[in-house]
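Q: This is the structure, below, for whatever I ask next.
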Amino acid sequence: MADSSFDIVSKVERQEVDNALNQAVKEISQRYDFKGTNASIAWSGEKILMQANGEERVLAILDIFQTKLIKRGISLKTLDVEGDPQLSGKEYKLFASVTEGISQENAKKVAKAIRDEGPKGVKAQVQGDELRVSSKSRDDLQAVQTLLKGKDFDFAIQFVNYR
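Residue numbers (our numbering): 128 to 290.
Below, the structure written as structure tokens:
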């Protein structure tokens, strides 16, 4: 009998992020506390630029955007906010980016957790920016998925290609 396997990935649906961003833009334009503050959120290349005339307003924009991401089922662990709001001219700016893929060191953390706490006979191997987990027993693979869901990694993971 052939081995069963699944892949552990960290991917984000770009269209869902775009939808969350558009919903945040709409809410910002309609909220009374943002009237006349030049508050905005938009894509700036591969990053998301949030700007307003006050530091607390920029943080409020970030909060609105995070709320919209959660409602769309996107983990906040994929959102990488770069520092504190910076004053640029008369406006405060804050950049954030959406991270995808599992880095080598994070893949090693996951593989170590599987080796140390997972069932015997389960193999985990790094393949680029994802991790393939294989075993002869499908029950063992499900036990690994349950184990990893219970762990609190500082990056988002999804399970794909279960076969």
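Where is the CB? At the ideal position from N, CA and C, for every residue including glycine.
Grouping DSSP H, G and I as helix and E and B as strand, with all else coil, what is Ala223?
A: Strand at Ala223.
Q: By the DSSP assignment, the alpha helix (DSSP H) with Ser156 in it spans what residues?
A: 141 to 157 is the span of the alpha helix (DSSP H), which, as asked, contains Ser156.
Q: From what residue to what residue does the beta strand (DSSP E) around Phe286 run?
A: That run of the beta strand (DSSP E) goes 285 to 287.
Q: Please work out which residues of its chain come closer than 6 Å, Cβ to Cβ, to Ser261, disregarding the five sequence neighbours upstream and downstream, and give them in chain order.
A: Closer than 6 Å at Cβ, skipping near neighbours: Asp130, Ser132, Lys250.
Q: I'd like the list of long-range same chain contacts for Glu182, defined as Cβ closer than 6 Å, with 5 residues on each side in sequence excluded.
A: Hits under 6 Å: Pro212, Tyr219.
Q: Under 8 Å by Cβ, that's how I've got Val271 and Gly245 pegged, so tell me the actual separation to the nearest angstrom.
A: With a Cβ gap of about 5 Å, Val271 and Gly245 count as contacting.
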